[in-house]
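Asker: Below you will find the structure I want to go over with you.
Chains as they are written, first to last, in this note's numbering: chain V, 1 to 283; chain C, 1 to 283; chain Y, 1 to 283.
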């Protein structure tokens, strides 16, 4: 993912309003930072793919919290070559069905079946390829800000804590927007605009969330307010970090969460990009 | 809460033995630090109110771990005006009953019904207004020490980690007392003195806890020893922080935890204040 | 444990290939660091003993996750003298049986019954006395590296975060091996070599794990690959720390985990020491 992004950024940045500084290397592991102008706010977009690790025999253990239904197609590769196998779920135990044994520790992901209609996109990993896409679209016109591509969001975290340290200590930035995808619920619907999450399992500082809602209101861009008691994001790790960081999750909602059939309304992606562009200017 | 405390401190500090430096601002979010003399030990007192966030329709999600019984009175405010509504608990699902809909994301807290007898005080939020009260009483005679008013203790933390960083890096302070309220159990009773918690879900360093017990014993102030396998406090976040901090929870016990009817024996508050005053001198 | 280790190191270090710098003191609480030459990689070995804390009356609460069966012998000491009592497990509730009451907050551990055959060692606390033993054997020939003896691994952590901070900020070391004991499972067997854990509840960075497997493969030392969905180690705290640290758990497997009867095959200890010696040279 990092290599893909590096290549994309290098190819496209000359067409952007401001050319960012590209920051990566061993001290950022597999993460990538784009620094535009004089940043006041950071966009965090995680690059994770949930999936499965091959355990012993035909057993699988999850990476993150993937939906697991018998029949899902999984792909990967081990020393013996490429793999396309089938997931078997049996009373909560997970197995694969494949013509040969797969090497211990091999990672398998959902096979991509990208579908697009006039209104919707559907695929695995819209969470969070769309968050990454949003960041790259915002990059085109961004003047001041950080775009931070992070790892391990789906599996307990581990990069945001050091990325946050760098962000605060190096650039004094303490505002963050979490560019990620959320859930369709009885209160958050397709096509009603990007969701501003007032809380999930974590509760961000109210004054920052209110400021974002105020700016969204002024902008006229369609948005929905989300209020949840569960769920988490890179915001959780920012909240726990030893730095005083204000954060808010702002993202389009999807149906069929963490399955091969994640579904997002295109207009919600449009309003996500618009709102981020506004927020990065005005926050 | 911070504004209330700032006003109180500014009004009263000239009567205190030592006038503290008042430290706050954006880099401390909604937290507040009082610095007295040359601090060796910090008192942490959280300012949280547990409660509920309005979700969709008439649904509520908890802030922290409030007790939830049908009939509890909740208060708050949204753009349409002040709210006084009733909590409805239905098989674990939480709702409100009110003449009109309440705006999504509105925060509701228990309606305060403060009761005082010769021996007891009873109210919501004795946890942790009494911990704050204790800190303010200790402040009157404190010569050297920090008093740190923190946030998010009831909901996963998020301020103590940066407060601890500041405390250690700026002032070299690595000892902390958690000024908070604990539970009446079969081993901790009303009127038997402030509780010194030897452990809860977290286990503080034994040598520090032993030193506190030793000083309590020498002082003659009534105290009880608490040993629990569950429960947490700001100590949990100090324990996890990337600094070597010794901490111990020292606080009066209450009955009817996290309900509108929290009950604390006055003599336990008295011994809490006395023990803190001693510990801040001798640690 | 720290005192024991200090004494052992001071007595033996003159026979080692390189004499380490011995680093300890209040800023490391009860932890201990040995610094050899110019370190590139750190070995973390925790010194914890799981066990029980005496609560009220004859109740016990666990320290870490000890196996608890009626009849286990527990030992400790309080102000009234030495204790050897019996554990009673009753529907999940834990009690002790002893001729007298034991002081609140007293810590009890398994009574040691060390057994040795030609092939196996058996005792309580092989997890993690063997990890400590491994580190001390590797120390004999170590030229460049850190050996870090940590605390609280079995009970939520609390030292690795500051040890990691020191390690990175002071010496720029960002590679770590977790010298600890893992589980016999259907995929990890006695006598098949040290286990290299590709993941447990946490997932270390794949590129680092692959490098370790590659070096193990080249070395010809017997090893097994472990893949788990649960379990944790000091690696979990390194993962969460605000530093970009690569870590991998490498350790012999045991049966009867967290009981007085932990069982490890001697040849797996041998290959653990050999592999660590190789890795510390080549990483």
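Glycine residues also receive a C-beta, built at the ideal position from the N, C-alpha and C atoms.
#1: Who does residue 59 (chain V) pair with in a DSSP beta bridge?
#2: Whose CA, out of C:99, C:90 and C:171, lies closest to the CA of residue 39 (chain C)?
#3: In whole angstroms, give me the CA-to-CA distance for residue 283 (chain Y) and residue 173 (chain Y).
#4: Below 7 Å CB to CB, which residues in the same chain sit around residue 84 (chain C) once its five sequence neighbours on both sides are set aside?
#5: According to a CB-to-CB cut-off of less than 8 Å, which residues of the region 49-61 of chain Y neighbour chain C?
#6: Any contact between the region 62-71 of chain Y and the region 46-53 of chain Y? By contact I mean 3 or more CB pairs, one from each, below 8 Å.
#7: Which class does residue 106 (chain V) belong to by DSSP, given the choice of helix, strand or coil?
#8: Taking 8 Å as the threshold (C-beta atoms), are residue 146 (chain V) and residue 167 (chain V) in contact?
#9: Is the Cβ of residue 205 (chain C) closer than 8 Å to any Cβ of chain Y?
#10: Would you say residue 155 (chain V) faces chain Y, with C-beta separation under 8 Å as the test?
#11: Residues of the region 255-267 of chain V with a CB closer than 7 Å to any CB of chain Y: list them in chain order, please.
#12: In whole angstroms, give me the CA-to-CA distance for residue 78 (chain V) and residue 105 (chain V).
#13: Taking only beta-carbon atoms, is residue 285 (chain V) less than 8 Å away from chain Y?
#14: For a test of the three-state rule: what should DSSP assign to residue 278 (chain V), helix, strand or coil?
#15: Are the C-beta of residue 242 (chain Y) and some C-beta of chain C separated by less than 8 Å?
#16: Counting contacts by CB-CB distance shorter than 8 Å, is residue 282 (chain V) in contact with chain C?
#17: Am I right that residue 23 (chain C) and residue 138 (chain C) are in contact with their C-beta atoms under 8 Å? What's the rounded C-beta distance?
#18: Let me know if residue 8 (chain Y) comes out buried or exposed under the rule of 16 or more other beta-carbons within 10 Å of its beta-carbon.
#19: Name the DSSP beta bridge partners of residue 115 (chain Y), please?
#20: Can you tell me which of the three DSSP states residue 171 (chain C) falls into?
#21: Give every residue of the same chain whose Cβ lies closer than 7 Å to the Cβ of residue 152 (chain Y), excluding the five residues on either side of it in the sequence, and list them in chain order.
#22: Please say whether residue 182 (chain V) and residue 197 (chain V) have beta carbons closer to each other than 8 Å?
#23: Of all the alpha helix (DSSP H) runs that stay within the bounds of the region 186-234 of chain C, which reach a length of 4 or more residues?
#24: Just grab the DSSP bridge partners of residue 265 (chain C) for me.
#25: Please check if any C-beta of chain C sits within less than 8 Å of the C-beta of residue 148 (chain Y).
#26: Please list, in chain order, the chain Y residues whose beta carbon lies closer than 7 Å to that of residue 286 (chain V).
#27: Please list the partners that residue 202 (chain C) has in chain Y, where partner means a Cβ-to-Cβ separation under 7 Å.
#28: Taking residue 186 (chain C) as the query, report the chain Y residues whose CB atoms sit under 7 Å from its CB, ordered along the chain.
#29: Chain C beta carbons: is any one of them nearer than 8 Å to that of residue 27 (chain Y)?
#30: For residue 100 (chain Y), decide whether its Cβ has a neighbour in chain C, counting only Cβ atoms nearer than 8 Å.
#31: Which value, in whole angstroms, describes the spacing of the CA atoms of residue 116 (chain C) and residue 263 (chain C)?
#32: Only counting runs of 3 or more residues, tell me where the beta strand (DSSP E) segments fall wholly within the region 133-182 of chain V, in order along the chain.
#33: What are the residues that DSSP puts in a beta bridge with residue 24 (chain C)?
#34: Taking only three categories from DSSP, how would you classify residue 33 (chain V)?
#35: Have a look at V:255, V:279 and V:26 and flag the residue whose alpha-carbon is nearest the alpha-carbon of residue 215 (chain V).
#36: From what residue to what residue does the alpha helix (DSSP H) around residue 8 (chain Y) run?
Answerer: According to the structure shown:
#1: As a first step, residue 59 (chain V) must be located in the first chain, where it is residue number 59. V:95.
#2: Translated into positions along the second chain, residue 39 (chain C) becomes position 39. Comparing Cα-Cα distances from residue 39 (chain C) to each of C:99, C:90 and C:171, the minimum goes to C:171.
#3: On the third chain, position 283 is the one that residue 283 (chain Y) refers to. On the third chain, position 173 is the one that residue 173 (chain Y) refers to. If I take the Cα positions, the gap works out to 11 Å.
#4: As a position in the second chain, residue 84 (chain C) is number 84, starting the count at 1. Cβ within range, chain order: 73, 75 and 111.
#5: 53, 54, 55, 56, 57 and 61
#6: yes
#7: Position 106 of the first chain holds residue 106 (chain V). Of the three classes helix, strand and coil, the one that applies to residue 106 (chain V) here is coil, per DSSP.
#8: Your numbering for residue 167 (chain V) matches position 167 in the first chain. Your numbering for residue 146 (chain V) matches position 146 in the first chain. For residue 167 (chain V) and residue 146 (chain V), yes; Cβs fall inside 8 Å.
#9: Here residue 205 (chain C) refers to the residue found at position 205 when the second chain is read from its first residue. Residue 205 (chain C) counts as touching chain Y.
#10: As a working note, residue 155 (chain V) is residue 155 in the first chain. By this cut-off, residue 155 (chain V) is an interface position.
#11: none
#12: In the first chain, the residue the question calls residue 78 (chain V) occupies position 78. In the first chain, the residue the question calls residue 105 (chain V) occupies position 105. Residue 78 (chain V) and residue 105 (chain V): Cα-Cα distance of roughly 9 Å.
#13: Residue 285 (chain V) lies beyond the stretch modelled for chain V, which goes from 1 to 283, so this question has no answer here.
#14: Position 278 of the first chain, counted from the start, is the residue given in the question as residue 278 (chain V). Three-state DSSP puts residue 278 (chain V) in a helix.
#15: Within the third chain, numbered from 1, the residue matching residue 242 (chain Y) stands at position 242. Closer than 8 Å: yes.
#16: What you label residue 282 (chain V) is simply residue 282 of the first chain in a count that begins at 1. Not an interface residue.
#17: Along the second chain, read from residue 1 onward, the residue named residue 23 (chain C) stands at position 23. Along the second chain, read from residue 1 onward, the residue named residue 138 (chain C) stands at position 138. About 17 Å; that fails the 8 Å criterion.
#18: The residue labelled residue 8 (chain Y) in the question sits at position 8 within the third chain. Exposed, because fewer than 16 other Cβ atoms sit within 10 Å of the Cβ of residue 8 (chain Y).
#19: One-based indexing of the third chain puts residue 115 (chain Y) at position 115. According to DSSP, residue 115 (chain Y) bridges with Y:122.
#20: Translated into positions along the second chain, residue 171 (chain C) becomes position 171. Correct three-state label for residue 171 (chain C): helix.
#21: Residue numbering aside, residue 152 (chain Y) sits at position 152 when the third chain is read from its first letter. Result list for residue 152 (chain Y): 48, 158 and 159, in chain order.
#22: Position 197 of the first chain, counted from the start, is the residue given in the question as residue 197 (chain V). Position 182 of the first chain, counted from the start, is the residue given in the question as residue 182 (chain V). Going by C-beta atoms, residue 197 (chain V) is nearer than 8 Å to residue 182 (chain V).
#23: 206-219
#24: As a working mapping, residue 265 (chain C) is identified with position 265 in the second chain. For residue 265 (chain C), which the question treats as bridged, DSSP gives the partners C:120.
#25: Here residue 148 (chain Y) refers to the residue found at position 148 of the third chain. By this cut-off, residue 148 (chain Y) is not an interface position.
#26: Only positions 1 to 283 of chain V appear in this structure, which leaves residue 286 (chain V) out of reach.
#27: Numbered from 1 along the second chain, position 202 holds the residue referred to as residue 202 (chain C). Chain Y residues near residue 202 (chain C): 156.
#28: Locating residue 186 (chain C) in the second chain gives position 186, where the first residue counts as 1. What residue 186 (chain C) touches in chain Y: 56.
#29: Here residue 27 (chain Y) is taken as the residue at index 27 of the third chain, counted from 1. Answer yes: the Cβ-Cβ gap between residue 27 (chain Y) and chain C drops below 8 Å somewhere.
#30: As a first step, residue 100 (chain Y) is located in the third chain; it is residue number 100 there, counting from the start. Closer than 8 Å: no.
#31: Counting from 1 along the second chain, the entry for residue 116 (chain C) is found at position 116. Counting from 1 along the second chain, the entry for residue 263 (chain C) is found at position 263. If you take the alpha carbons of residue 116 (chain C) and residue 263 (chain C), they lie about 10 Å apart.
#32: 145-150 and 175-178
#33: Within the second chain, the letter at position 24 stands for residue 24 (chain C). Beta-bridge pairing links residue 24 (chain C) to no other residue.
#34: Within the first chain, residue 33 (chain V) is the residue found at index 33, counting from 1. In the structure shown, residue 33 (chain V) sits in a strand (DSSP, three-state: E or B).
#35: Looking up residue 215 (chain V) in the first chain gives position 215. Out of V:255, V:279 and V:26, V:279 has the C-alpha closest to the C-alpha of residue 215 (chain V).
#36: Position 8 of the third chain, counted from the start, is the residue given in the question as residue 8 (chain Y). Run containing residue 8 (chain Y): 2-12, per the alpha helix (DSSP H) assignment.
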